Amino acid sequence: MTLLLARTKLTPRQAEIFSYCESYFFAHENPGLAYKNSRYNLEGYDAFGLAEYQIKELRNHILTIFQPSITELAELAYPFFATGKYEFGTLAIFLLKKHRPRFNRRVYEEIKLCLDEVVENWTHSDLIATKITPVLLELEIASMEDFATWLDSESKWTRRVAVVTMLYQKERLPVQELLDFISPLMQDQARCVQQGIGWLLRELSELYPQEIEEFLTQYKDSAAPMLIQYATGKNYKEKKNNFHKPYVKKGYQSHPNYHKKKRYKETDDE
3 MTLLLARTKL TPRQAEIFSY CESYFFAHEN PGLAYKNSRY NLEGYDAFGL
53 AEYQIKELRN HILTIFQPSI TELAELAYPF FATGKYEFGT LAIFLLKKHR
103 PRFNRRVYEE IKLCLDEVVE NWTHSDLIAT KITPVLLELE IASMEDFATW
153 LDSESKWTRR VAVVTMLYQK ERLPVQELLD FISPLMQDQA RCVQQGIGWL
203 LRELSELYPQ EIEEFLTQYK DSAAPMLIQY ATGKNYKEKK NNFHKPYVKK
253 GYQSHPNYHK KKRYKETDDE
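Each residue of the sequence shown is one higher than the one before, counting from 3 in this note's numbering.
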């Protein structure tokens, strides 16, 4: 179990499950697929190169052979993510996702710890934000106040998940409550957080165009251009220029009638 020794200590039962998973991953590794997928993971990608169906197959084996409790699955998430291997992190999410009706507070605590310390990429953070954390809200295991504490995390992934989780609430809470929730992050410097906020605002604009327009106008001079770009890309095409600051190249004086707009390539956030 060389992958984990430097990061965490396992109980004998966790070590047994981990060893079983590690053997499966090495038996099915595909360096060619790992290299191909690395081109789409700019934050870093350390993988065995398994297809999704193979990870799900392993998930089913674990559930059948070991019959872990939901608490055991929650506590396995940290050592799985701590390997840094893409498939181990994905497996942790797939194992939890299979038992969403059985979630308890331990799931909330372990997911928060993983995000704060060992989650390292877009795919895992967004799987958590769309498949795991909304269930915590739905089952009333965690509250909006709980997720508000995530906004102060040093981890950009924790902050992103807090924001993207609010997509679940877009038709369940007053829009002003959601805007108040994300306001502390409107000047966040992390690219993934900016895109997460833009994604949420763009979805909210489908339901509350006037409210979101007013909110964006309030922050147009202080929020990052990328955030504004993502937030306005869908429903404000005719007003897009109203939300963007003039681009001034350092060392040069901009002509008052000349505004250079940055363009950003869309990612898989949507």
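By construction, the Cβ of each residue, glycine as well, lies at the ideal position given by its N, Cα and C atoms. Nothing here was measured: the structure is a model prediction, and the numbers come from that model.
Coarse secondary structure for residue i, derived from DSSP in three states
{"i": "residue 34", "result": "helix"}
{"i": "residue 63", "result": "helix"}
{"i": "residue 83", "result": "helix"}
{"i": "residue 217", "result": "helix"}
{"i": "residue 43", "result": "coil"}
{"i": "residue 22", "result": "helix"}
{"i": "residue 54", "result": "helix"}
{"i": "residue 186", "result": "helix"}
{"i": "residue 251", "result": "In this prediction, residue 251 scores a pLDDT of 44, lower than 50, which makes its location untrustworthy; the coordinate-derived value is nonetheless stated afterwards. Here residue 251 sits in coil by DSSP."}
{"i": "residue 68", "result": "coil"}
{"i": "residue 49", "result": "coil"}
{"i": "residue 12", "result": "coil"}
{"i": "residue 191", "result": "coil"}
{"i": "residue 179", "result": "helix"}
{"i": "residue 17", "result": "helix"}
{"i": "residue 102", "result": "helix"}
Terminal residues of the alpha helix (DSSP H) in which residue i lies
{"i": "residue 210", "result": "From DSSP, residue 210 is part of no alpha helix (DSSP H); its letter is neither H nor E."}
{"i": "residue 228", "result": "227–234"}
{"i": "residue 92", "result": "88–99"}
Same chain, Cβ closer than 7 Å to residue i, neighbours up to 5 away in sequence not counted
{"i": "residue 181", "result": "217"}
{"i": "residue 221", "result": "188"}
{"i": "residue 94", "result": "78, 79, 82, 83"}
{"i": "residue 16", "result": "78, 81"}
{"i": "residue 3", "result": "Summary for residue 3: the model assigns pLDDT 45, below 50, so the residue's position carries little reliability, and this model does not support an answer."}
{"i": "residue 153", "result": "161, 164, 186, 187"}
{"i": "residue 158", "result": "192, 194, 195"}
{"i": "residue 190", "result": "161, 196"}
{"i": "residue 60", "result": "23, 26, 93"}
Spatial neighbours of residue i in its chain, beta-carbon cut-off 8 Å, leaving aside the 5 residues before and after
{"i": "residue 65", "result": "97, 100"}
{"i": "residue 58", "result": "96"}
{"i": "residue 156", "result": "118"}
{"i": "residue 150", "result": "164, 183"}
{"i": "residue 166", "result": "127, 128, 131, 132, 198, 201, 202"}
{"i": "residue 205", "result": "169, 172"}
Contacts around residue i, its chain only, beta-carbon distance under 6 Å, and the 5 residues preceding and following it disregarded
{"i": "residue 226", "result": "196"}
{"i": "residue 116", "result": "79, 80, 83"}
{"i": "residue 109", "result": "76"}
{"i": "residue 274", "result": "Residue numbering for the chain in the displayed model covers 3 to 272; residue 274 lies beyond these limits and cannot be assessed."}
{"i": "residue 33", "result": "51"}
{"i": "residue 56", "result": "30"}
{"i": "residue 229", "result": "196, 199, 200"}
{"i": "residue 90", "result": "82"}
{"i": "residue 86", "result": "48"}
Fill in: Meets three-Cβ-pair contact criterion under 8 Å: the region 199–211 and the region 223–234
yes
Item to complete: Write down every uninterrupted run of the alpha helix (DSSP H) in the region 106–148 whose length is 4 residues or greater and which is fully enclosed by it, in chain order.
Response: Scanning the region 106–148 from its first residue to its last, the whole alpha helix (DSSP H) runs of 4-plus residues come out as 107–119, 124–129, 135–140.
Worksheet item: Hey, which unbroken runs of the alpha helix (DSSP H) at 4 residues or more fall wholly within the region 144–176?
Response: 146–150, 158–167
Practice prompt. Tell me, please, whether the region 128–144 touches the region 57–73 by the rule of three or more beta-carbon pairs shorter than 8 Å.
Written response: no
Worksheet entry | Contact the region 9–16 vs the region 47–67: 3+ CB pairs below 8 Å | no
Worksheet item: Would you call the region 171–180 and the region 110–124 in contact, with 3 or more CB pairs under 8 Å?
Response: No, the region 171–180 is not in contact with the region 110–124.
Item to complete: Evaluate contact between the region 127–140 and the region 100–109, counting only Cβ atoms and requiring at least three cross-stretch pairs below 8 Å.
Response: yes
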